[in-house]
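S.K.: Pasting a structure here, questions to come.
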Amino acid sequence: GSVLFKHTKDLGRGHLGAVDMVEPAGQQSHFPGKVYACKTLTIGHRQRGAAMVNELVRLESARTLCHPHLPTVVMTYEEDVGFHTLRYGIVMNPVAKYTLSSFLESSSNNDSTMRPLLGHVKKWIGCLSSALSYVHAKDILHRRIKPSSILVENGEIFFTEFAISNHFKDTHMLIKNDSDPNVGVDIYKAPEVEMQQSFGPKADIFSLACVYIEMLATVSGTPLVELGE
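Mapping of the sequence shown onto full-length UniProt numbering: position 30 corresponds to residue 30, and the numbering continues sequentially without gaps.
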């Protein structure tokens, strides 16, 4: 079929996939004048292990989520790229200028932005709590909550980079830790995750609380390097 989007910028690369900034190719009236984030996953016939299956489940689960502080899925697609290899993609909006991590860092180094930051933080705490409550109500764990997996765009904030769809509705059993090295970052991990024990929604809440502490520390003028110590 025709190419709907063209690559404009690399946004991130990992061992299981890539995220690019894309824009509509040609005269696409249903995608007017915007740029999007596109997460792609290329799978060869020798790569269809558990990690790849988990990523596919994650991509599929994203289609079911609809919340003001989660990225909007514009479309998903699948294409045969030859040699028994498939590429799966999910096109999302928005493309953000900042992650929360980079936004806090830039704000902490600029006194003129501190006052508006205080107003943002007051709002964002509620926004993120609402989004996480919604995700958990959908029986999904985020598992990667940290400032670098939260987007900031035009004063709004969005969760992104979910690790895997983990459904626990039927039994509310804890999820077995799969020792995925990409699940969380040390200082944001709940103790049970750090110790590779089974965990549930409370692990996400712990990670979000760590993010809140970092946000409030920045507003109070506490250097982030000091907070880390």
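Virtual Cβ for every residue (Gly too), placed ideally from N, Cα, C.
(1) Could you tell me whether the segment 74 to 88 touches the segment 118 to 137, where touching means 3 or more Cβ pairs closer than 8 Å?
(2) Out of H120, R63 and F159, point me to the one whose CA is closest to R143's CA.
(3) Determine the extent of the beta strand (DSSP E) in which D10 is found, giving its start and end residues.
(4) DSSP three-state call for F168: helix, strand or coil?
(5) Confirm, please, whether the CB-CB distance from A37 to V95 is below 8 Å.
(6) Pick helix, strand or coil for V73, following the three-state DSSP scheme.
(7) Take the Cβ of M195 as the centre, count every other Cβ of all protein chains shown within 10 Å, and call the residue buried at 16 or more, exposed below.
(8) Just to confirm, is the Cβ distance from R63 to T76 under 8 Å?
(9) Taking the CB atoms as reference points, tell me whether S61 and I140 lie closer together than 8 Å.
(10) Could you pull out every residue in the same chain whose Cβ sits closer than 8 Å to the Cβ of D20, ignoring the five residues on either side in sequence?
(11) Tell me which same chain residues have a C-beta within less than 6 Å of the C-beta of L118, skipping the five on either side of it?
(12) Could you name the residues that DSSP lists as bridge partners for L41?
(13) Rounding to the nearest angstrom, what Cα-Cα distance links E192 and F206 in this structure?
(14) Taking its Cβ as the centre, do 16 or more other Cβ atoms sit within 10 Å of K122, making it buried, or is it exposed?
(15) Compare the beta carbon distance of H120 and G89 with 8 Å and say whether it is the shorter of the two.
(16) When the Cα atoms are used, what is the spatial distance from V211 to S198?
(17) Below 6 Å CB to CB, which residues in the same chain sit around V35 once its five sequence neighbours on both sides are set aside?
(18) Need the endpoints of the beta strand (DSSP E) that D204 sits in, please.
(19) Whose C-beta lies closer than 6 Å to the C-beta of M215 among residues of the same chain, with five residues either side of it excluded?
(20) Mark P181 as exposed unless 16 or more other C-beta atoms lie within 10 angstroms of its C-beta, in which case mark it buried.
(21) Where does D186 sit, in a helix, a strand or coil, going by DSSP?
(22) Assuming S148 contacts S108 under a Cβ cut-off of 8 Å, what Cβ separation, rounded to an integer in Å, is found between them?
(23) Give every residue of the same chain whose Cβ lies closer than 8 Å to the Cβ of H69, excluding the five residues on either side of it in the sequence, and list them in chain order.
M.R.: According to the structure data:
(1) Not touching, per the Cβ criterion.
(2) Among H120, R63 and F159, the Cα nearest to that of R143 belongs to F159.
(3) Where D10 is concerned, the enclosing beta strand (DSSP E) starts and stops at F5 to R13.
(4) Because F168 sits at a pLDDT of 44, beneath the cut-off of 50, its placement in the model cannot be relied upon, and the following sentence gives the value as read from the coordinates. Looking at F168 - three-state DSSP - the assignment turns out to be coil, as it is neither helix nor strand.
(5) Contact: yes.
(6) V73 falls in the strand class under three-state DSSP.
(7) The residue in question, M195, is exposed, as its Cβ has fewer than 16 Cβ neighbours within 10 Å.
(8) In this structure, T76 lies closer than 8 Å to R63 by Cβ.
(9) Yes, the Cβ-Cβ distance between S61 and I140 is below 8 Å.
(10) Apart from the 5 residues on each side of it in sequence, D20 sits with its Cβ closer than 8 Å to the Cβ of H7, T8, K9, D10, L11, A37, C38 and T40 in its chain, given in chain order.
(11) Taking C-beta separations shorter than 6 Å and ignoring five residues to either side along the sequence, the partners of L118 in its chain run V219, following chain order.
(12) BP columns for L41 point to Y88.
(13) So the alpha carbons of these two residues sit roughly 10 Å apart.
(14) With fewer than 16 other Cβ atoms from the protein chains shown falling within 10 Å of its own Cβ, K122 counts as exposed.
(15) Contact flag unset, no.
(16) The straight-line gap separating the alpha-carbon atoms of V211 and S198 is approximately 22 Å.
(17) The residues are M21, E23 and V95.
(18) Element bounds for D204: not the beta strand (DSSP E) but the alpha helix (DSSP H), P201 to S220.
(19) Within the same chain, M215 has close Cβ partners V121.
(20) Reliability fails at P181, whose pLDDT of 46 lies under 50, so the model's placement of it is uncertain and no value is given.
(21) Here D186 sits in helix by DSSP.
(22) S108 and S148 do not touch by the CB rule: their CB atoms are close to 15 Å apart, not below 8 Å.
(23) Cβ within range, chain order: C127, L128, S130, A131, E156, I157, F158 and F159.
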